[in-house]
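In the UniProt record's numbering, the protein residues as written are 1 to 274. For glycine and all other residues, C-beta sits at the position ideal for the given N, C-alpha and C. Bear in mind the structure is a predicted one, so any value in this text is a computation, not a measurement.
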């Protein structure tokens, strides 16, 4: 029995190492090739550069489209994330504290949004009817609608672990409604909120479909579409392409580093009730 368990542990360890290498090697390749010259980067190898060319980043950052695209990504991702957090936390609070049959149906319908495919033709027609296609507003609302089901799901479990005694004590002191939620409940949601921020920002920042179909103007493209454009613009300069890719992933990596301690706590919230 012990021998089988030991063998299983070895197999799992080997698989985890292989998975880690599959994730790490492409990132290392991007980093190394971003500081090579044009000739060396054309091979896209893991060899160290003969000479480091950090000016590749300067060339890319001097492109006016880079600053505009970065600003577009920040505007759309931050706005949609904030709107998603606000609406999802309020919805989850009401659904948890008032477990009626109708609210249960609403919650189940929301969860269907996690698996239901998006009808892009209908979405285009709706945005055209509202005159918000090819606008920041349309993109922000689309991302908000996409991320609400998952965000409500993780808030639902966390809020369920918060005792109702806090609500009752606050009501006795005259704190009710929206004030009760934002002053008493929402500060307790910090771990799950940071989890939602990381996941929603990551999905929004790296999304390719929404800007491709719903933002036709290149002036409103974010970083991911700029990177896609660079593949054709600098097809013979892979060092510049890698530099753009590295700049694109840097903000999300930085966000994850500072908020990683909340990620596990937020994902496991509500799993165990004391």
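Proximity to residue 66 [Cα-Cα], best of 228, 140, 194: The residue labelled residue 66 in the question sits at position 66 within the chain shown. For the residues 228, 140, 194, the minimum Cα distance to residue 66 belongs to 228.
CA-to-CA distance, residue 223 to residue 250, given in whole angstroms: Numbered from its first residue, the chain shown carries residue 250 at position 250. Numbered from its first residue, the chain shown carries residue 223 at position 223. Whole-angstrom Cα-Cα distance: 11 Å.
Integer-rounded CB distance, given that residue 189 should sit under 8 Å from residue 89: Along the chain shown, one-based indexing puts residue 89 at 89. Along the chain shown, one-based indexing puts residue 189 at 189. About 6 Å separates the CB atoms of residue 89 and residue 189; that is less than 8 Å, so the two are in contact.
Burial state of residue 138, where buried means 16 or more other Cβ atoms lie within 10 Å: Locating residue 138 in the chain shown gives position 138, where the first residue counts as 1. It counts as buried.
Touch test, the stretch 168 to 185 against the stretch 122 to 137, Cβ-Cβ under 8 Å, three pairs minimum: Not touching, per the Cβ criterion.
Status (buried if at least 16 other CB within 10 Å, exposed otherwise) for residue 25: By 1-based counting over the chain shown, the position of residue 25 is 25. So residue 25 counts as exposed.
Spatially closest choice to residue 64 from 218, 258, 44, 231, by CA coordinates: Here the question's residue 64 lines up with position 64 in the chain shown. Nearest of 218, 258, 44, 231 to residue 64, Cα basis: 218.
Assumed close pair residue 201, residue 81 - CB separation to whole angstroms, cut-off 8 Å: The residue labelled residue 201 in the question sits at position 201 within the chain shown. The residue labelled residue 81 in the question sits at position 81 within the chain shown. The C-beta separation of residue 201 from residue 81 comes to about 6 Å, placing the pair in contact by the 8 Å criterion.
Helix, strand or coil at residue 263 according to DSSP, with G and I counted as helix: Here residue 263 is taken as the residue at index 263 of the chain shown, counted from 1. Assigned with DSSP and collapsed to three states, residue 263 falls in helix.
Beta-carbon proximity of residue 178 to residue 76, cut-off 9 Å: Along the chain shown, read from residue 1 onward, the residue named residue 178 stands at position 178. Along the chain shown, read from residue 1 onward, the residue named residue 76 stands at position 76. Contact: no.
Euclidean distance between Cα positions of residue 181 and residue 262: On the chain shown, position 181 is the one that residue 181 refers to. On the chain shown, position 262 is the one that residue 262 refers to. The straight-line gap from Cα to Cα measures roughly 21 Å.
Residue range of the alpha helix (DSSP H) that includes residue 107: Within the chain shown, numbered from 1, the residue matching residue 107 stands at position 107. Here the alpha helix (DSSP H) through residue 107 covers 101 to 112.
Residue 180, DSSP secondary structure in three states: Reading the chain shown from its first residue, position 180 is the one you call residue 180. Looking at residue 180 - three-state DSSP - the assignment turns out to be helix.
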